[in-house]
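With this note's numbering as the guide, the letters of the sequence shown map in order to residues 4 to 229. In this text, a Cβ means the ideal position worked out from N, Cα and C, and glycines have one as well. Here the structure is a predicted model, which means the values were calculated and not measured.
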Amino acid sequence: MSEAIQNVPAAVDARLPVTYEAAQKALAECSRVDECKDWSDKAAALASYARQAKDNTLHNLALRIQARAQRRMGELLKQIPEQRGGDRGGPTGGRPPIGETRTHAARGAGLSDHQRKTALRVASVPESAFTAAVESPEPPTVTELARMGTSSKPAATEPDVRPAHRATASRALGLLRELAAFCATNDAAAIALACHDPDIARVHVEGIDRWLDRFVTRLPSSEAEA
Numbered sequence: 004m005s006e007a008i009q010n011v012p013a014a015v016d017a018r019l020p021v022t023y024e025a026a027q028k029a030l031a032e033c034s035r036v037d038e039c040k041d042w043s044d045k046a047a048a049l050a051s052y053a054r055q056a057k058d059n060t061l062h063n064l065a066l067r068i069q070a071r072a073q074r075r076m077g078e079l080l081k082q083i084p085e086q087r088g089g090d091r092g093g094p095t096g097g098r099p100p101i102g103e104t105r106t107h108a109a110r111g112a113g114l115s116d117h118q119r120k121t122a123l124r125v126a127s128v129p130e131s132a133f134t135a136a137v138e139s140p141e142p143p144t145v146t147e148l149a150r151m152g153t154s155s156k157p158a159a160t161e162p163d164v165r166p167a168h169r170a171t172a173s174r175a176l177g178l179l180r181e182l183a184a185f186c187a188t189n190d191a192a193a194i195a196l197a198c199h200d201p202d203i204a205r206v207h208v209e210g211i212d213r214w215l216d217r218f219v220t221r222l223p224s225s226e227a228e229a
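Right under this line is the structure:
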């Protein structure tokens, strides 16, 4: 990374908007916690370099990329079930072995408990508040964003939970249950090969994937990330 950093300033000055937009897109599509951590680590190193070089533009760019990497990391962690009970430190503790737990996934990606909690807190900042802060002339540090995510006061921009939403949520759970049962009894590869309109299928899958990603990251936590 040190050699790459030495060659970054000129390129960033020449193509800053394109570079940042590309980073945003790549992070939004990132599906692995360790990849997000790598982005965050590199952005942190770049921010340190820029601070020493007194390059405020590059420093702010690095802070924005690091913030988005931390948020995406927290979103991915939120998609993994939390541990409940048992020995949190051991490989057999917590939930039954039906899949990887959040703590194990974080540790497998090289995150400390503090880093895991920080990422989750950054992901808990309301989307509009996060974007406003990160895109401001002086973007906050990851620590400051994590502090925003620990606020117990509900944000005004968060959607209200109304009776109609609860009825829709019940319907959504029913549809998810049906889809899960369908997936459990039908081979994805065989169904895909038999699909008569793959382009339409991709459009639907991409839309569903985006919706599910937002849905699962906003599910209430059953265990506070203290």
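Nearest-angstrom Cα separation, counted from residue j out to residue i
| i | j | result |
| --- | --- | --- |
| residue 134 | residue 61 | 18 Å |
| residue 37 | residue 112 | 5 Å |
| residue 171 | residue 180 | 14 Å |
| residue 215 | residue 57 | 42 Å |
| residue 80 | residue 210 | 21 Å |
| residue 129 | residue 144 | 16 Å |
Endpoints, the alpha helix (DSSP H) within which residue i is located
| i | result |
| --- | --- |
| residue 69 | 59 to 81 |
| residue 148 | 145 to 151 |
| residue 103 | Segment: none, residue 103 is in no alpha helix (DSSP H) and carries neither H nor E. |
| residue 37 | 36 to 56 |
Where residue i falls: helix, strand or coil (DSSP)
| i | result |
| --- | --- |
| residue 140 | coil |
| residue 212 | helix |
| residue 113 | coil |
| residue 199 | coil |
| residue 127 | coil |
| residue 181 | helix |
| residue 85 | coil |
Beta-carbon proximity of residue i to residue j, cut-off 7 Å
| i | j | result |
| --- | --- | --- |
| residue 184 | residue 137 | no |
| residue 122 | residue 152 | no |
| residue 192 | residue 198 | no |
| residue 73 | residue 43 | yes |
| residue 25 | residue 68 | no |
| residue 1 | residue 124 | The chain is shown from 4 up to 229; residue 1 falls before or after that span and cannot be answered. |
| residue 59 | residue 142 | no |
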